[in-house]
Amino acid sequence: MLENYLIVHKSILPEYYETVLAVRRKLESGQTRDVSQACREAGISRSTYYKYKDFIFEPSDMEGGRRAVLSMLLDHEAGVLSALLQCISGAGASVLTIDQSLPIHEKASVTIALDLGGMTVPLQQLLEGIGAVPGVENTRLIAIE
1 MLENYLIVHK
11 SILPEYYETV
21 LAVRRKLESG
31 QTRDVSQACR
41 EAGISRSTYY
51 KYKDFIFEPS
61 DMEGGRRAVL
71 SMLLDHEAGV
81 LSALLQCISG
91 AGASVLTIDQ
101 SLPIHEKASV
111 TIALDLGGMT
121 VPLQQLLEGI
131 GAVPGVENTR
141 LIAIE
């Protein structure tokens, strides 16, 4: 998955990329809860925000290790979450938070925040391992810092 990313200096990118990040920061900080309002204030369309929001990340100077947020769908079957957590633990990552929805149509949406500081394998290998866990689908890297 990481082979699909580049590090590019922002001076060569269109200005709306930074604007998308500004909108995301407003939403994440709670300054505003309404995407339409945040986009209007920033001067971009909602479609521009939604088109790029999952593909633009900014570096962070937080200390204490790297962190990542992943989202995925889990089958509503006994042992799937346990197998997922074993995969994460086996790679040396630590779970910071887990947010799981109620299952709908036998699938539960799960968002997991990880501390990658103790990882013993590359992130790409962890993502591939998670994708190979039976009952785990649509694994996506949402953010990394």
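Per my numbering, the sequence shown starts with residue 1, numbered consecutively.
A virtual CB, placed ideally from N, CA and C, is assigned to each residue, including glycine.
Since the model is a prediction, treat every value here as computed from it, not as a measurement.
Closest by C-alpha distance to residue i, when choosing among the options
i    : options            : result
E145 : V35, S36, A68, Y16 : A68
S101 : L81, L116, D115    : L81
Per-residue burial, residue i [other beta carbons within 10 Å of its own, 16 or more giving buried]
i    : result
L70  : buried
Y16  : buried
G78  : Looking at the sequence shown, residue 78 is not Gly but Ala. With fewer than 16 Cβ atoms within 10 Å of its Cβ, A78 is classed as exposed.
Y5   : exposed
A132 : exposed
I12  : exposed
V136 : buried
V20  : buried
Anticipated Cβ contact below 8 Å, residue i with residue j, distance rounded
i    : j   : result
I56  : V23 : In fact, because the Cβ distance is near 10 Å, the residues do not count as touching under 8 Å.
L84  : L96 : Going by Cβ atoms, the distance from L84 to L96 rounds to 15 Å, so no, they are not a contact pair.
K26  : A38 : 5 Å
L114 : S94 : 7 Å
Proximity test, Cβ basis, 8 Å: residue i and chain B
i   : result
S82 : In the structure shown, chain B does not exist; there is a single protein chain.
Every unbroken alpha helix (DSSP H) inside the stretch 38-126 [4 residues or more]: Qualifying alpha helix (DSSP H) stretches, in chain order: 46-52, 80-90.
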